[in-house]
Amino acid sequence: MPELPEVQTVVATLAPRIVTRRIGRVELLRDDIVHPCGFDLAKALRSKTVQSVSRRGKRIVITLVGDEQFYVHLGMTGRLTIDPPSAQIIKHTHLILHFDGFDVRFRDPRRFGGVWWLGQQSADAGMGPEPLDLRPAELHRRLAKTTRAVKNALLDQRLVAGLGNIYVDEALHAAHIHPLTPADQLSADAVGRLSRAIKATLRRAIRHRGSTLRDYLDADGAAGGFQRLHRVYDRAGHPCHRCNTPIERFVLGGRSTHFCPNCQPADRRPRRRVSRRRTRA
DNA sequence: GTCCATGTTCTTTA
DNA sequence: CTAAAGAACATGGA
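The first sequence begins at 1 in our numbering and counts up one residue at a time.
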């Protein structure tokens with residue numbers, strides 16, 4: 001479930017615990033989560049000290065003293081948590097890094113996530129720019145290269161890195177853009193709104209420590225709070241907070257897509273706005 | 001049993 | 001050849 005705000009929150013909770021700390025024993029309980037396949041991760045990490053923890057797109061990048069690095073991708077259900085060494089090892093725990101006094105454990109039931117050893121390589125390969133420092137003109141240039149629906153284009157990590165199903169739906173609503181709009185047909189004005197909407201949505205989500213719908217927890221085991229502020233995601237049939245029109249849901253590229261038919265019209269220009277922002281609680 | 005899920009990548013189709 | 005659409009991956013919860 002983790003998109004940029006959730007990954008950022010994991011990095012923020014993990015970094016202060018492990019930076020400058022030394023990894024002791026490494027337990028790899030399931031070796032097919034390691035890439036490249038067959039790489040001896042335990043050997044590479046044992047007795048190494050963590051220099052930094054950062055984020056690139058949805059990747060959690062851990063750099064060791066000596067500048068070798070690896071990244072963890074949480075996939076759909078992955079968690080990277082700090083646990084007491086005495087904690088029971090629950091099902092689907094695939095990797096344990098033993099530090100002095102605590103463990104860092106990677107658990108991922110669906111195993112869409114994993115650990116990628118980079119060595120001296122950068123974590124940038126195949127990644128688009130970071131959305132939080134992407135200029136509108138650059139976003140416009142990138143969107144203009146594809147006829148795909150803007151929602152599909154924004155989910156493409158090579159076009160821009162870090163957005164997923166939740167935040168694309170939320171940002172398109174904030175920008176008043178229909179998800180099926182061909183990416184290359186967006187006006188400069190629309191891309192300007194989209195650029196601001198993406199940044200504002202991500203910043204708010206980070207401030208609220210991400211969204212927990214089902215599986216996501218940060219490194220301290222804490223859930224996010226942004227799901228309570230979603231305007232469209234998982235709100236099909238509920239009134240739009242801006243205009244009270246029921247939010248609609250359809251499937252696009254195998255992903256559920258949520259939008260307000262009044263605020264995000266397919267063709268026509270203007271829209272109605274109702275003064276009331278919220279229905280009673 | 002059925003459907004659905006915060007992601008990515010491979011395969012198929014146009 | 002390229003771009004876009006679909007299927008596949010694996011598990012669990014409603």
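Glycine is no exception: its CB is placed at the ideal position from the N, C-alpha and C atoms.
So if DSSP puts residue i in a beta bridge, which residue, or which two residues, is it bridged to?
| i | result |
| --- | --- |
| Pro182 | Ala149 |
| Phe70 | Ile62, Trp117 |
| Thr81 | Arg105 |
| His35 | Trp116 |
| Val53 | Ile62 |
| Leu252 | Arg255 |
| Glu6 | Answer by DSSP bridge pairing: none, since Glu6 is not bridged. |
| Glu27 | Ile96 |
Return the residue from the list the options that minimises the CA-CA distance to residue i.
| i | options | result |
| --- | --- | --- |
| Trp116 | Leu155, Gly224, Leu41, Asp220 | Leu41 |
| Gln121 | Pro239, Gly38, Ala219, Gln69 | Gln69 |
| Glu3 | Pro36, Ser211, Val19, Ile18 | Ser211 |
| Asp169 | Phe112, Lys151, Phe102 | Lys151 |
| Met76 | Ile90, Lys58, Arg196 | Lys58 |
| Ala266 | Cys240, Arg209, Leu172 | Leu172 |
| Arg36 | Pro109, Tyr71, Pro16, Pro179 | Correcting the residue identity first, residue 36 is Pro in this sequence and not Arg. Looking at the Cα atoms, Tyr71 is the closest of the given residues. |
| His290 | Asp184, Val34, Arg158 | Because the chain is modelled from 1 through 281, residue 290 falls outside the range shown and cannot be assessed. |
| Arg148 | Arg209, Pro182, Ala123 | Pro182 |
| Ala175 | Val251, Ala123, Cys260 | Cys260 |
Roughly how far, in whole angstroms, is the beta-carbon of residue i from the beta-carbon of residue j, given that I think they are within contact range, below 8 Å?
| i | j | result |
| --- | --- | --- |
| Val65 | Val11 | With 8 Å as the limit, Val65 and Val11 do not qualify as a contact, their Cβ atoms being about 18 Å apart. |
| Gln8 | Ile177 | Their Cβ separation, rounded to whole angstroms, is 24 Å, which puts Gln8 and Ile177 out of contact at 8 Å. |
How is residue i classed by DSSP in three states: helix, strand or coil?
| i | result |
| --- | --- |
| Val19 | coil |
| Ser122 | coil |
| Glu170 | helix |
| Pro270 | A caution first: Pro270 carries a pLDDT of 45, below 50, which makes its placement in the model unreliable, though a value can still be read off. Note: Pro270 maps to coil in three-state DSSP. |
| Pro239 | strand |
| Pro129 | coil |
| Pro246 | strand |
| Asp189 | helix |
With three or more beta-carbon pairs closer than 8 Å as the criterion, would you say the segment 174-192 touches the segment 131-148?
The segment 131-148 and the segment 174-192 touch, with three or more beta-carbon pairs separated by less than 8 Å.
Is the segment 42-60 touching the segment 195-205 in the sense that three or more CB pairs, one from each, lie closer than 8 Å?
Result no; under three Cβ-Cβ pairs closer than 8 Å.
On the three-pair Cβ rule with 8 Å, is the segment 94-105 touching the segment 226-240?
The answer is no - the segment 226-240 does not touch the segment 94-105, with fewer than three Cβ pairs under 8 Å.
Segment contact, 8 Å Cβ cut-off, at least three pairs: the segment 77-85 with the segment 99-107:
Under the three-pair Cβ rule at 8 Å, the segment 77-85 counts as touching the segment 99-107.
Would you check if the segment 13-21 and the segment 211-221 touch, i.e. whether three or more CB-CB distances between them fall below 8 Å?
Touching, yes, given that three or more Cβ pairs across the two stretches are closer than 8 Å.
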